[in-house]
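Chains as they are written, first to last, in UniProt numbering: chain A, 1 to 216; chain B, 1 to 255.
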């Protein structure tokens, strides 16, 4: 087996297309998981058990079943019920939904960690509930959990190749297409592996810096 | 008493507890308690820990609910009442906490302007003017832009006092406001409170272990034991010739 630089060069056009798709999945999936996770976390604190129980059931179910199964389900079963999205949209939705059940736990911990005195001070000032959340509790909670959310973004990045399973043209799928056309596996797969490290490692350094800065 | 007099608390009573009972599990913290506070008076609650003093403040702040009885403040019913009415009545009550409880994510100024803007509907400029006046009163005019974490405990507590006053409450509740402070910072906070007691007509309800401060600002001292007021009177009498044996014992231990 010899390393062929020209195979690397040939892969580049597909590779960059894949990078863009992977980053797109990552950004949209993160935003979705951050938003939905907050919705779950707030719903799980609801005073009504008719909100708490169904949300608890659904999030536990999603969190404890494999992402790949969810991907296949959304991609192959939903169309039978007449709901059909593109592979990219389905994949992004699935990964965002899956990770939202983790971020929900992170939000919950962050909200629980805000001292009771903060709630009491907000009550003492008669702040309305929405203002207590948006101005007092959530800013303090998010500050505490930013590093944990960052770690889930990195984990999500490493799960994006699962979307190749439903044909999304992210980095891994592009390398498979390249290999199928050229019978060269080493170079495309190596390039993809290195690309993941080049994105994930600086991101984890960033999270660690964030952690240190917030700890002060 | 006619049945429909729930809201006709006599004019000379700003706070009225009527037959208030509060239990935590098997523990009866307040036992059929009745007492009232007249407008503008400064009342100090003393007694051993667990005697129900802090529970009274927390009830007034609607941080906890009584099991039975009624509580009226400034002619409005606080308990039993729906949440809307509780909010209305609670707006007239300010509280300063043992642990300050400033919002660490806001500047000192925002801590003070937040509620006047969001709850009372003041404009940003009006609220800021009010806040700066109060910061001046508590001697922190130059720290408006600081974060709570950049202030000493004593300074934080003075900001918390300004924050409570910014709502122009009729009643100010003080919950052991100096017990979390280093000894050398206590005097600054007490001076501010003395100043407010002297220069405003705000009614104060105060739980404290600072007996000198209590003697200094109180019009009336209530001695609590096992969820009841067992003795009350002006501080001169309470601190020098209490009648009740429990009061004598308690004061003997803390003075």
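Each residue gets a CB set at the ideal place from its N, CA and C atoms; glycine is no exception.
What residues are listed by DSSP as bridge partners for residue i?
{"i": "residue 22(B)", "result": "30(B)"}
{"i": "residue 70(B)", "result": "18(B)"}
{"i": "residue 203(B)", "result": "171(B)"}
{"i": "residue 36(B)", "result": "16(B)"}
{"i": "residue 96(B)", "result": "174(B)"}
{"i": "residue 207(A)", "result": "Answer is none; residue 207(A) lacks a bridge partner."}
Have a look at residue i and residue j and give me their C-alpha separation to the nearest angstrom.
{"i": "residue 16(A)", "j": "residue 185(A)", "result": "17 Å"}
{"i": "residue 45(B)", "j": "residue 53(B)", "result": "6 Å"}
{"i": "residue 44(A)", "j": "residue 51(A)", "result": "7 Å"}
{"i": "residue 38(A)", "j": "residue 218(B)", "result": "48 Å"}
{"i": "residue 22(B)", "j": "residue 79(B)", "result": "12 Å"}
{"i": "residue 207(B)", "j": "residue 151(B)", "result": "24 Å"}
{"i": "residue 131(A)", "j": "residue 138(A)", "result": "10 Å"}
{"i": "residue 190(A)", "j": "residue 65(A)", "result": "30 Å"}
{"i": "residue 42(A)", "j": "residue 109(A)", "result": "12 Å"}
{"i": "residue 161(B)", "j": "residue 196(A)", "result": "53 Å"}
{"i": "residue 75(B)", "j": "residue 63(B)", "result": "20 Å"}
{"i": "residue 227(A)", "j": "residue 196(B)", "result": "Past the boundaries of the shown model lies residue 227(A); chain A is included only from 1 to 216, so the question cannot be answered."}
{"i": "residue 204(A)", "j": "residue 214(A)", "result": "15 Å"}
{"i": "residue 12(B)", "j": "residue 232(B)", "result": "18 Å"}
{"i": "residue 192(B)", "j": "residue 158(B)", "result": "7 Å"}
{"i": "residue 89(B)", "j": "residue 82(B)", "result": "11 Å"}
{"i": "residue 203(B)", "j": "residue 25(B)", "result": "32 Å"}
{"i": "residue 33(B)", "j": "residue 138(B)", "result": "35 Å"}
{"i": "residue 141(A)", "j": "residue 192(A)", "result": "36 Å"}
{"i": "residue 136(B)", "j": "residue 61(B)", "result": "27 Å"}
{"i": "residue 105(B)", "j": "residue 127(A)", "result": "16 Å"}
{"i": "residue 175(A)", "j": "residue 182(A)", "result": "10 Å"}
{"i": "residue 36(A)", "j": "residue 72(B)", "result": "43 Å"}
{"i": "residue 97(B)", "j": "residue 113(B)", "result": "18 Å"}
{"i": "residue 106(A)", "j": "residue 93(A)", "result": "20 Å"}
{"i": "residue 257(B)", "j": "residue 127(B)", "result": "Beyond the ends of chain B as shown, which are 1 and 255, falls residue 257(B); an answer cannot be given."}
{"i": "residue 253(B)", "j": "residue 57(B)", "result": "24 Å"}
From the options, pick the residue whose C-alpha is nearest to that of residue i; which is it?
{"i": "residue 41(B)", "options": "235(B), 245(B) and 240(B)", "result": "235(B)"}
{"i": "residue 224(B)", "options": "212(B), 213(B), 216(B) and 238(B)", "result": "238(B)"}
{"i": "residue 212(B)", "options": "206(B), 13(B), 71(B) and 255(B)", "result": "255(B)"}
{"i": "residue 35(B)", "options": "163(B), 243(B), 228(B) and 216(B)", "result": "228(B)"}
{"i": "residue 37(B)", "options": "226(B), 90(B), 117(B) and 221(B)", "result": "221(B)"}
{"i": "residue 163(A)", "options": "42(A), 11(A) and 73(A)", "result": "73(A)"}
{"i": "residue 200(A)", "options": "183(A), 151(A) and 140(A)", "result": "151(A)"}
{"i": "residue 29(B)", "options": "199(B), 109(B) and 55(B)", "result": "55(B)"}
{"i": "residue 43(B)", "options": "119(B), 102(B) and 173(B)", "result": "173(B)"}
{"i": "residue 200(B)", "options": "165(B), 99(B) and 59(B)", "result": "165(B)"}
{"i": "residue 155(B)", "options": "108(B), 20(B) and 130(B)", "result": "108(B)"}
{"i": "residue 16(B)", "options": "101(B), 31(B) and 69(B)", "result": "69(B)"}
{"i": "residue 119(B)", "options": "163(B), 132(B) and 140(B)", "result": "163(B)"}
Any idea what DSSP makes of residue i, helix, strand or coil?
{"i": "residue 17(B)", "result": "strand"}
{"i": "residue 125(A)", "result": "coil"}
{"i": "residue 119(B)", "result": "coil"}
{"i": "residue 4(B)", "result": "With a pLDDT of 44 at residue 4(B), under the threshold of 50, the predicted position of this residue should be treated as unreliable, though the coordinate-derived value follows. Coil, per DSSP."}
{"i": "residue 153(A)", "result": "helix"}
{"i": "residue 47(B)", "result": "coil"}
{"i": "residue 61(B)", "result": "coil"}
{"i": "residue 42(B)", "result": "strand"}
{"i": "residue 145(B)", "result": "coil"}
{"i": "residue 210(B)", "result": "coil"}
{"i": "residue 175(A)", "result": "helix"}
{"i": "residue 12(A)", "result": "helix"}
{"i": "residue 60(A)", "result": "helix"}
{"i": "residue 91(B)", "result": "coil"}
{"i": "residue 219(B)", "result": "coil"}
{"i": "residue 143(A)", "result": "helix"}
{"i": "residue 183(A)", "result": "coil"}
Report the neighbours of residue i on chain B: residues whose CB is nearer than 8 Å to its CB, in chain order.
{"i": "residue 128(A)", "result": "118 and 119"}
{"i": "residue 212(A)", "result": "The contacting residues do not exist; residue 212(A) stays about 17 Å from chain B at best."}
Give me the chain A residues within the contact set of residue i, using Cβ-Cβ distance strictly less than 8 Å, ordered along the chain.
{"i": "residue 104(B)", "result": "140"}
{"i": "residue 162(B)", "result": "None at all; the shortest Cβ gap to chain A is about 12 Å."}
{"i": "residue 204(B)", "result": "Correct list: empty, because the minimum Cβ distance to chain A is about 15 Å."}
{"i": "residue 144(B)", "result": "Those within 8 Å of residue 144(B) in chain A number zero; the least Cβ separation is about 18 Å."}
{"i": "residue 97(B)", "result": "117, 120, 121 and 124"}
Could you work out which residues of chain A lie near residue i, taking near to mean beta carbons separated by less than 9 Å?
{"i": "residue 27(B)", "result": "In chain order: nothing, as chain A lies at least about 20 Å away."}
{"i": "residue 90(B)", "result": "123, 124 and 126"}
{"i": "residue 94(B)", "result": "124 and 125"}
For a contact defined as C-beta to C-beta under 7 Å, what are the partners of residue i on chain B?
{"i": "residue 146(A)", "result": "None at all; the shortest Cβ gap to chain B is about 13 Å."}
{"i": "residue 135(A)", "result": "114"}
{"i": "residue 131(A)", "result": "118"}
Going along chain A in order, which residues have a C-beta closer than 7 Å to the C-beta of residue i?
{"i": "residue 63(B)", "result": "120 and 123"}
{"i": "residue 342(B)", "result": "Chain B is shown from 1 up to 255; residue 342(B) falls before or after that span and cannot be answered."}
{"i": "residue 167(B)", "result": "125"}
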